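At position 135 of the sequence shown (counting the first as 1) the number is 143 in our numbering, and the numbers step up by one without a gap.
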Amino acid sequence: MNTMTHQSAATASHRKPDVQWTGGEEHWTTRDGGVDLFMWRKPPTGGQKPIGTILFVHGSSMAGQPTFDLQVPGRPDSSVMDWFAAQGFDTWCVDSEGYGRSSKHRDINFDIANGAADLAAATTYMTGHTGAERFLVYGISSGALKAALFAQQHPERVERLALDAFVWTGEGSPTLEARRKRLDEWLSKNRRPIDNAFVHSIFNRDHPGTADDATVNAFADAILTLDDSVPTGTYVDMCSKLPIVDPAKMPMPTIVMRGEYDGIASEEDLLEFFSLLPNSDKQFAVMAGIAHASFQQKNYRMVYHILRSFFTQPAPVYRMTHSTSGN
């Protein structure tokens with residue numbers, strides 16, 4: 009049974025009062041007979057009819073609201089959800105199981121496949137609540153892998169797909185090479201601790217200086233308001249189980265968004281993935297001056313522009329047809 013504005017005692021205990029999110033709607037749904045999934049919605053401003061419905065998918069070390077609804081004083085349009093809602097989009101994010109306000113009670117490591125199942129449950133709820141049947145799906149880092157796997161499993165639900173900080177095989181990734189040194193540790197437990205120093209390390213590992221201190225501090229505060237540990241499953245998958253998705257099975261228009269300094273994947277790895285996408289309505293965007301967490305970077309407005317342009321691009325009027333007749 010799908011429910012709204014419901015919060016179990018188990019998930020409520022993880023919510024601290026330090027950071028408040030306002031101006032949106034809480035939504036809840038369930039899956040697998042007892043898993044509560046928290047969703048946060050910001051509909052189009054002014055009550056206008058949405059020009060599209062976006063589902064934002066977070067990464068390995070933080071929940072949805074800190075990533076997509078981050079409010080930073082003195083940083084205009086800091087919340088990507090607010091910005092896209094002002095552009096006329098219906099915007100949603102969901103906390104994957106094991107993160108934020110969603111259920112954490114199961115004795116599993118909440119891997120990428122489990123996250124894709126969360127997206128299936130979330131979109132089923134979104135369709136029932138709004139009537140939208142096809143979604144503009146954006147995922148970042150391991151969230152991009154979850155989004156891609158969901159798109160592969162449910163292509164009929166994905167109108168356009170944006171993969172930011174994505175990795176395919178992991179070949180040539182300095183971040184994953186370093187992370188594999190701790191694979192035995194990740195395999196030995198279902199959760200890993202996070203703290204302020206860890207959040208700051210996200211912005212220092214590739215190219216320090218791409219994000220300002222005020223934004224990084226606000227991001228860390230928002231993340232740690234909801235979680236002091238996060239699942240190990242996405243780290244295990246990215247270190248030992250790639251590739252997880254097959255581009256040939258992803259027929260929807262797709263954009264691959266790569267930060268200039270992002271160490272999660274090599275450009276060669278991403279270009280090979282890109283070449284195998286079957287729909288010619290596809291884009292590969294290199295984002296100048298961007299490292300890994302693109303919405304928290306100094307160049308975040310450029311990221312918004314790239315994404316909005318892709319999400320509002322008209323479908324091709326002409327497509328070449330293959331003729332069987334000879335000359």
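We put the beta carbon where it would ideally sit given N, CA and C, even for glycine. If you're wondering where the values come from, they're calculated on a predicted model, not measured in any experiment.
Y269 is bridged by DSSP to nothing; it lacks a bridge partner. Excluding residues up to 5 positions away in sequence, G67, D172 and A173 lie with their Cβ nearer than 6 Å to the Cβ of I148 in the same chain.
The C-alpha of D289 is placed about 10 Å away from the C-alpha of R327. For S237, the secondary structure class from DSSP, reduced to helix, strand or coil, is strand. Taking 7 Å as the cut-off, the Cβ atoms of I210 and A152 do not count as close. Within the DSSP secondary-structure output, Y243 pairs in no beta bridge. When the Cα atoms are used, M295 and G217 turn out to be separated by approximately 15 Å. Minimum Cα-Cα distance from I59 among the listed residues G82, G96 and N212 corresponds to G96.
Looking at the backbone, the Cα of F158 and that of N225 are separated by about 32 Å. When DSSP states are grouped into helix, strand and coil, D192 belongs to the helix group.
D229 and S237 have their alpha carbons spaced roughly 14 Å apart.
Taking all protein chains in view, the Cβ of A186 is surrounded by fewer than 16 other Cβ atoms within 10 Å, so the residue is classified as exposed.
Judged by DSSP in its simplified three-state form, A256 adopts helix. Boundaries of the alpha helix (DSSP H) around K154: S150 to Q161. A direct Cα-Cα distance of roughly 8 Å separates F92 from D98.
Apart from sequence neighbours up to five positions away, no residue of its chain approaches P84 with a beta-carbon distance below 7 Å. V175 sits in coil when the DSSP states are folded into three classes, being neither helix nor strand.
The continuous stretches of beta strand (DSSP E) do not include F97, and DSSP gives it neither H nor E. From the listed residues S283, S86, Q56 and V244, the smallest Cα separation to D192 is found for V244. The alpha-carbon separation between D203 and D235 amounts to approximately 9 Å.
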